[in-house]
Structures are given as C-alpha cells and as structure tokens.
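Trainee: In our numbering, the protein residues as written are 227 to 451.
All C-beta atoms, glycine included, are put in the ideal place defined by N, C-alpha and C.
Have a look at this one before I ask anything.
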Ligand code: SF4
C-alpha cells in the first residue's frame, strides 16, 4: 500500500485547526472559501524562480543579496526536485510522507542551507504572519530530515505590487530575514497530527472560528424548537 502524503500546507492547516485538517485531509470536505488566500504569488513565483535561476546559471549573485554572506543554492537539479516533488520525509513510524515544495534555497559557506521563499503583497507594509514563520520552519525541518545542515534562519524575497497616483504600476523588492526559527517542535507536531489523522473521532472546532460556530447555532436552533 502506498504511504499517505501530507504536504506542508496541510501541516499548517492542522496547526490552524485540527478539525478542518481532519475534515479536509481525511474526509475530503474542503475548508470554506473564505479561508483561501489570494493567489498573487501564483503569478509571480514562476517568474521569480526563472529570474533567480538565471543568476544561478551565470554564477552571479542577485543585487538584493549582495550585502549578505549567503548565496543562492547552487545544485539546480536537486532544487528542481525539491520544487516539483517537494522535500520529502518518509516517517518510518507514521508510514506517512511529509513534504514541502520550496520556492528556492540559499546557502552559507557552501554548507549551511537557509529556507528561502517568495512573497508577493499588495500591502504597504509586509507583515510576517506566524504561518509564514512556520512555513520556513517546516521547510527547514524537512531539509534537516534529509540530513542537510540548516541554519535557524529563513529569508523572504518580498515583492510589493501597487499602483501610484498616476495609475502606474510600481514594484518594490526587498529581503526580509527571520531569525530564531525553531525546527525542534515539529517532531511533536507531526506526532499529534498523525494521531488526529488516524482518529475516528473528529476533533473539536476552534472556539473563535465563525464557520463551525454558525453550524452549531443552526443545529441548536432546530434542537430547541
Ligand atoms: S472551527 Fe473553523 S477552522 Fe475549525 S473546523 Fe470549523 S470551520 Fe474549520
């Protein structure tokens, strides 16, 4: 029997709400649309990958990275596998393949890997949500499980897209560095995720989420009639 595959975004879904995870991954009942993020990144990410790959091909450093002591990861073939198939980790006890499809990767001193992700935003200020930090942490965790040495540092390449008062499109690009990434917690996270996945009982809903609350209110309405 083929092992189950669980992606980085489903690990994030589990961390956000175990019930939504259980319903979506196990019962194929998708989350309400309201939750789905806008996909500006879908448009920009392939373009940015090409831009950075060209630097890679020419063995040059992009100007945004010049001031830092890390480089673009050199092994293009390995990177392409990690982009398309994901960085995979087969958990021997869970019999589950956990994986995350990375955008790109940096390297320091030809040895230490640094998770690197592209973010596109329409907002004036780029906000680093907890989920963004977890995204880099999960990539780092999966890379460590491959036997790689990974710094507890992650990098975002942020593209801000806007329109100025003359209705001209503007683009700003910058590097945002996240320090103190914690890869240690994910063994335990995956342990809990696995228990939830194999549980026959659906987990409790989150108290603050309006969707399940609304369902319960509707059910109670008929119960009390
Ligand atoms: S509480 Fe919200 S997030 Fe959790 S299962 Fe219900 S809809 Fe999903």
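1) Taking DSSP as the reference, what is the three-state secondary structure of residue 403?
2) In three-state DSSP terms, what is residue 348?
3) What is the C-beta distance between residue 362 and residue 407, in whole angstroms, given that I count them as a contact (C-beta under 8 angstroms)?
4) For residue 327, name the three-state secondary structure that DSSP assigns.
5) So is the beta-carbon of residue 274 under 7 angstroms away from any non-hydrogen atom of the ligand SF4?
6) Look up residue 242 in the DSSP assignment and say whether it is helix, strand or coil.
7) Going by Cα to Cα distance, which pick from 386, 289, 271, 427 is closest to residue 350?
8) Using beta-carbon positions only, say whether residue 374 and residue 339 come within less than 8 angstroms of one another.
9) Nearest to residue 381 by CA position, among 253, 359, 397, 421, is which residue?
10) Report, in whole angstroms, the separation of the C-beta atoms of residue 367 and residue 409, which I expect to be a contact under 8 angstroms.
11) Under 7 angstroms from any heavy atom of the ligand SF4, does the C-beta of residue 357 make it?
12) Do we get a CB-CB distance below 8 angstroms when we pair residue 326 with the residues of chain D?
13) Answer with buried or exposed for residue 301, where buried requires no fewer than 16 other C-beta atoms within 10 angstroms of its C-beta.
14) Please list, in chain order, all residues with a C-beta atom less than 5 angstroms from at least one heavy atom of the ligand SF4.
Mentor: Let me spell this out:
1) Numbered from its first residue, the chain shown carries residue 403 at position 177. Strand.
2) Against the chain shown, residue 348 aligns to sequence position 122. Reduced to three states, the DSSP call for residue 348 is coil.
3) Here residue 362 refers to the residue found at position 136 of the chain shown. Here residue 407 refers to the residue found at position 181 of the chain shown. 6 angstroms between Cβ atoms; contact.
4) Numbered from 1 along the chain shown, position 101 holds the residue referred to as residue 327. Looking at residue 327 - three-state DSSP - the assignment turns out to be coil, as it is neither helix nor strand.
5) What you label residue 274 is simply residue 48 of the chain shown in a count that begins at 1. No - the ligand SF4 has no heavy atom lying nearer than 7 angstroms to the Cβ of residue 274.
6) As a working note, residue 242 is residue 16 in the chain shown. Secondary structure at residue 242: helix, using DSSP grouped into helix, strand and coil.
7) Position 124 of the chain shown, counting from 1, holds the residue named residue 350. With respect to the C-alpha of residue 350, the residue from 386, 289, 271, 427 having the closest C-alpha is 386.
8) Against the chain shown, residue 374 aligns to sequence position 148. Against the chain shown, residue 339 aligns to sequence position 113. Yes, Cβ-Cβ distance for residue 374 and residue 339 is below 8 angstroms.
9) As a first step, residue 381 is located in the chain shown; it is residue number 155 there, counting from the start. Nearest C-alpha to residue 381: 359.
10) Within the chain shown, residue 367 is the residue found at index 141, counting from 1. Within the chain shown, residue 409 is the residue found at index 183, counting from 1. Contact holds; Cβ gap of about 5 angstroms.
11) As a position in the chain shown, residue 357 is number 131, starting the count at 1. Checking the Cβ of residue 357 against the ligand SF4 gives no.
12) In the displayed structure, chain D is absent; only one protein chain is listed.
13) Along the chain shown, one-based indexing puts residue 301 at 75. Residue 301 counts as exposed, since fewer than 16 other beta carbons sit within 10 angstroms of its beta carbon.
14) Matched residues: 243, 245, 246, 431, 432, 435, 437, 438.
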